[in-house]
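Protein sequence lines correspond, in order, to chains C and H. Going by this note's numbering, the first sequence opens with residue 1, and the numbers climb by one from there. Going by this note's numbering, the second sequence opens with residue 387, and the numbers climb by one from there. Where a beta carbon is used, it is the ideal one built from N, C-alpha and C, also for glycine. Every value quoted in this text rests on a predicted model; they were computed, and no experiment measured them. The next block holds one structure in the form of structure tokens; read it before the comments.
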Amino acid sequence: MDREGFLARVAARLDMPLAQATNALDGLRAHLEDAAAAGRERGESPADAERRAVERMGDPDLLGRELTRAHRARRPLLAVIGGSVRAAANETARASMQGAILIVVSVPLGLVIAGGALHAVGRDYGSLLAGSVLSVLLTWLGFGVVGWTLPGRITDLSGRDHDVVRRVVALTGLVVSSLFLWLVVDFRLDDVLAVGLPLAPLAFVLVALSVPVAPRFHVGMRETLGLGVLLILPLAVLGVLTATPRGVDSWSADLASFGVPAEETWLGNGTVRVDWETGFGPETVDISMPADAAERLSTLEVEVWPVDIVDGVMRFGAAPLVTAVSSAGAETTLRYVVPSPQRPLETIRILVGGERDGTRIVIDQDLARLQTQSWNGTLARWWFGD
Amino acid sequence: MGRDGIRSELLRGAMTYLVLAVLRDGEQYGYQVAQHIAQRSAGAFVPSEGSLYPALHRLEGEGALEAAWREGERGPRRRWYRITPKGLTRLTALEVEWHAFSGAVASVARQGKASGA
């Protein structure tokens with residue numbers, strides 16, 4: 001490394017006003033000139049004298065950092081705290097962006113490879129589990145990256161002892177991020193996420209406590225892209241390992257316990273028009289029927305039942321998840337909300353008409369099996385309830 | 387950690403003291419300070435010369451040193467450092483601390499040697 005290369009490396013580590021940085025670099029340049037001149041006077045060749053002068057100066061990265069710390073040694077505590085918060089926000093944003101890049105690079109190809117393998121063996125993606133495992137791994141990685149970069153930034157910023165800084169950063173990060181994860185943010189949670197996410201702050205702590213003041217490994221764009229490529233195959237393997245049996249397309253259900261089929265009553269097929277609207281949030285069913293039919297019915301009722309298919313036969317749970325009742329009319333709309341239990345359930349919806357004598361007529365059923373929405377809320381609510 | 391590493395760590399801790407002690411004899415520029423530390427210690431203290439500058443900048447920031455650029459008759463423009471009254475007070479305090487510290491270390495070592503004999 002020549003003199004200007006050395007000074008450029010130092011300059012890259014300086015974080016101070018331009019005038020101070022110029023001052024510091026000019027001082028080092030003068031020292032190097034003096035040292036090289038002394039070497040030439042001792043009989044060294046100009047090239048050797050220059051090289052030895054640079055070598056005797058030591059590590060340029062460390063020197064740049066220490067000069068920065070020297071200039072910040074007397075910085076007020078409030079400025080250090082403000083700068084630390086800003087550094088934490090910047091590092092978190094950077095880690096999030098790197099996580100997004102990682103996903104874009106690795107997930108599509110990983111899914112294609114896994115999809116091909118699953119197609120060959122006749123299984124389906126266990127997308128929920130694979131997605132959750134991936135989310136947990138990326139969260140740990142993100143917390144680890146911030147734990148790796150933040151202590152050094154704050155050590156530079158504050159000019160304080162690195163051991164003290166990294167302990168303070170680890171403890172503060174543990175408390176703040178745990179509070180944030182447990183109490184502030186709503187997640188769509190399942191068992192994997194509920195266990196994995198609370199461990200992420202520990203990844204931060206472990207890394208922050210062990211990172212050196214000037215880590216040799218920097219997590220930049222090149223490393224992110226490299227890791228993305230490396231993750232393609234493990235992700236494909238994860239997709240295969242978490243696959244589920246292919247969904248059952250052919251099954252039968254005995255609805256006798258819900259009432260009499262419409263076609264066996266005066267109501268008949270086609271008398272009633274039913275439109276189911278299902279999906280996120282509140283669901284609705286719109287029912288239209290002739291006025292004389294509406295007069296013969298007293299109520300309309302939607303029941304949402306948990307179901308399971310065993311050996312091609314649909315089995316119903318012990319009780320409906322939701323029952324919504326309305327008086328019957330020519331135009332009736334029923335609104336209802338399907339709860340989101342911690343472990344998702346498959347459900348079907350049945351529309352029952354109640355005659356004035358108590359007879360129940362199964363008017364329609366939405367036999368598309370729908371999984372309940374993922375449980376949504378904070379970690380504290382998941383583990384300790386409301 | 388090897389012998390050089392231990393020496394380097396000790397030197398980093400003592401750098402403030404060494405810089406102030408050398409500059410008590412008169413103003414000097416950075417290269418001269420490094421040379422005087424090496425010469426006075428008969429080569430025992432050969433720091434990476436770069437490590438001198440953070441100490442100089444820190445002491446200047448604390449008001450223990452004053453510094454000014456001056457054109458040289460030979461060689462480059464140099465930054466000359468001079469100890470201030472505040473720096474002399476600091477040096478006196480460091481001398482007291484250092485003697486107490488080195489005396490305590492020597493005492494521990496002597497007692498250890500005596501009990502081991």
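Grouping DSSP H, G and I as helix and E and B as strand, with all else coil, what is P46 of chain C?
On the first sequence, position 46 is the one that residue 46 of chain C refers to. Helix at P46 of chain C.
Hey, does G58 of chain C have any beta-carbon neighbour from chain H nearer than 7 angstroms?
Here residue 58 of chain C refers to the residue found at position 58 of the first sequence. Cβ-Cβ to chain H under 7 angstroms: yes for G58 of chain C.
Determine the closest residue to Q371 of chain C out of C:L7, C:V260, C:D2 and C:G279, with distance taken between C-alpha atoms.
In the first sequence, the residue the question calls residue 371 of chain C occupies position 371. Checked all of C:L7, C:V260, C:D2 and C:G279; the closest Cα to Q371 of chain C is C:G279.
Grab me the residues of S84 of chain C's own chain with a C-beta within less than 6 angstroms of its C-beta, minus the 5 sequence neighbours each way, in chain order.
Locating residue 84 of chain C in the first sequence gives position 84, counting from the first residue. Around S84 of chain C: I154.
Helix, strand or coil for A450 of chain H, going by three-state DSSP, please let me know.
Position 64 of the second sequence, counted from the first residue, corresponds to residue 450 of chain H. In this structure, A450 of chain H counts as coil in the three-state DSSP scheme.
In the DSSP assignment, the alpha helix (DSSP H) including E459 of chain H goes from what residue to what residue?
One-based indexing of the second sequence puts residue 459 of chain H at position 73. Premise fails: E459 of chain H is in no alpha helix (DSSP H) and is neither H nor E.
Output the boundary residues of the beta strand (DSSP E) element that contains A324 of chain C.
Numbered from its first residue, the first sequence carries residue 324 of chain C at position 324. Here the beta strand (DSSP E) through A324 of chain C covers V322 to S327.
Could you pull the start and end residues of the beta strand (DSSP E) that Q371 of chain C belongs to?
As a working mapping, residue 371 of chain C is identified with position 371 in the first sequence. Run containing Q371 of chain C: R360 to Q371, per the beta strand (DSSP E) assignment.
Use the C-beta contact count for W333 of chain H: other C-beta atoms within 10 angstroms, 16 or more gives buried, fewer gives exposed.
Nothing in the structure corresponds to residue 333 of chain H, since chain H is present only between 387 and 503.
Does the count of Cβ pairs from the region 57 to 64 of chain C and the region 433 to 446 of chain H closer than 8 angstroms reach three?
yes
Should the region 128 to 145 of chain C be called in touch with the region 194 to 201 of chain C, which here means at least 3 C-beta pairs below 8 angstroms?
yes
Pairing CB atoms from the region 317 to 334 of chain C with CB atoms from the region 287 to 296 of chain C, are three or more of them under 8 angstroms?
yes
From the beta carbon of A30 of chain C, is the nearest beta carbon of chain H less than 7 angstroms away?
For the purposes of this step, residue 30 of chain C is taken as the residue at position 30 of the first sequence. Interface residue, yes.
Who are the near neighbours of V229 of chain C in its chain, counting only those whose CB is closer than 8 angstroms to its CB and skipping five residues on each side?
Against the first sequence, residue 229 of chain C aligns to sequence position 229. If we look at V229 of chain C and ignore the five residues flanking it on each side, its Cβ neighbours are V105 and S106.
At 9 angstroms on the CB atoms, spell out the chain H contacts of R69 of chain C, in chain order.
Along the first sequence, read from residue 1 onward, the residue named residue 69 of chain C stands at position 69. P440 and R444, listed in chain order.
7 angstroms is my cut-off, CB to CB: does L63 of chain C come that close to chain H?
Indexing the first sequence from 1 puts residue 63 of chain C at position 63. Chain H, which has a Cβ nearer than 7 angstroms to the Cβ of L63 of chain C, makes this yes.
Measure the Cβ-Cβ separation of D186 of chain C and G385 of chain C and say whether it is below 7 angstroms.
Looking up residue 186 of chain C in the first sequence gives position 186. Looking up residue 385 of chain C in the first sequence gives position 385. Using a Cβ distance threshold of 7 angstroms, D186 of chain C and G385 of chain C do not count as a contacting pair.
Helix, strand or coil for Q342 of chain C? Go by DSSP, reduced to three states.
Within the first sequence, the letter at position 342 stands for residue 342 of chain C. Coil, per DSSP.
Run through the DSSP bridge pairs and tell me what R167 of chain C is partnered with.
Working through the first sequence from its first residue, we reach residue 167 of chain C at position 167. None; R167 of chain C has no bridge partner.
Between I350 of chain C and A262 of chain C, is the Cβ-Cβ spacing less than 7 angstroms?
Taking the first sequence and counting its residues from 1, the one referred to as residue 350 of chain C is at position 350. Taking the first sequence and counting its residues from 1, the one referred to as residue 262 of chain C is at position 262. For I350 of chain C and A262 of chain C, no; Cβs fall outside 7 angstroms.
Looking at R468 of chain H: is its Cβ nearer than 7 angstroms to the Cβ of Y415 of chain H?
Within the second sequence, residue 468 of chain H is the residue found at index 82, counting from 1. Within the second sequence, residue 415 of chain H is the residue found at index 29, counting from 1. Going by C-beta atoms, R468 of chain H is not nearer than 7 angstroms to Y415 of chain H.
Are the CB atoms of P440 of chain H and E33 of chain C nearer to each other than 7 angstroms?
What you label residue 440 of chain H is simply residue 54 of the second sequence in a count that begins at 1. What you label residue 33 of chain C is simply residue 33 of the first sequence in a count that begins at 1. Not in contact: P440 of chain H and E33 of chain C (Cβ atoms no closer than 7 angstroms).
Would S340 of chain C and Q373 of chain C qualify as a contact pair, given that the criterion is a beta-carbon distance under 7 angstroms?
Counting from one through the first sequence, the residue named residue 340 of chain C turns up at place 340. Counting from one through the first sequence, the residue named residue 373 of chain C turns up at place 373. Yes, these two residues count as a Cβ contact at 7 angstroms.
Could you tell me which chain H residues have their CB closer than 8 angstroms to the CB of A35 of chain C, listed as they occur along the chain?
On the first sequence, residue 35 of chain C is found 35 positions in, with the first residue counted as 1. Those are Y417 and E435, listed as they occur along chain H.
Do you know how far the Cα of L109 of chain C is from the Cα of I101 of chain C?
Indexing the first sequence from 1 puts residue 101 of chain C at position 101. Indexing the first sequence from 1 puts residue 109 of chain C at position 109. When rounded, the distance between both Cα atoms is 13 angstroms.
Which of the three DSSP states, helix, strand or coil, is assigned to G354 of chain C?
Here residue 354 of chain C refers to the residue found at position 354 of the first sequence. Of the three classes helix, strand and coil, the one that applies to G354 of chain C here is strand, per DSSP.
Would you call the CB atoms of H422 of chain H and V408 of chain H closer than 7 angstroms?
Residue numbering aside, residue 422 of chain H sits at position 36 when the second sequence is read from its first letter. Residue numbering aside, residue 408 of chain H sits at position 22 when the second sequence is read from its first letter. Yes.
Between which two residues does the beta strand (DSSP E) harbouring F316 of chain C extend?
As a working mapping, residue 316 of chain C is identified with position 316 in the first sequence. It spans V313 to F316 - the beta strand (DSSP E) in which F316 of chain C sits, taken as one unbroken run.
Would you check if there are 3 or more beta carbon pairs closer than 8 angstroms linking the region 147 to 166 of chain C to the region 352 to 360 of chain C?
no
Identify which residue in C:R86, C:L62 and C:G317 has its Cα closest to the Cα of R216 of chain C.
Here the question's residue 216 of chain C lines up with position 216 in the first sequence. Closest option to R216 of chain C, Cα to Cα, is C:L62.
If the cut-off is 8 angstroms on Cβ atoms, which residues from the region 461 to 472 of chain H count as contacting chain C, listed in chain order?
Listed by position along the chain: G461, P462, R463, R464 and R465.
Between R460 of chain H and the rest of its own chain, which residues show a CB-CB distance below 7 angstroms, the 5 nearest in sequence each way excluded?
As a working note, residue 460 of chain H is residue 74 in the second sequence. Answer for R460 of chain H: no residue qualifies.
For N90 of chain C and G122 of chain C, what's the separation of their Cα atoms in angstroms?
The residue labelled residue 90 of chain C in the question sits at position 90 within the first sequence. The residue labelled residue 122 of chain C in the question sits at position 122 within the first sequence. Cα-Cα distance, rounded: 45 angstroms.
If I follow the unbroken beta strand (DSSP E) through S298 of chain C, where does it start and stop?
As a first step, residue 298 of chain C must be located in the first sequence, where it is residue number 298. Looking at the DSSP string, the run of the beta strand (DSSP E) that includes S298 of chain C is L297 to V310.
Mind reading off the beta-carbon distance from V169 of chain C to L150 of chain C? Whole number of angstroms is fine, and I expect it under 8 angstroms.
Indexing the first sequence from 1 puts residue 169 of chain C at position 169. Indexing the first sequence from 1 puts residue 150 of chain C at position 150. Confirmed, Cβ separation roughly 6 angstroms.
I want to see whether chain C comes within less than 7 angstroms of A503 of chain H, judged by CB atoms only; does it?
The count along the second sequence starts at 1 and reaches residue 503 of chain H at position 117. Since pLDDT at A503 of chain H reaches only 45, below the 50 mark, its modelled position is unreliable, and the value read off the structure follows with that caveat. With respect to chain C, the C-beta atom of A503 of chain H has no partner C-beta closer than 7 angstroms.
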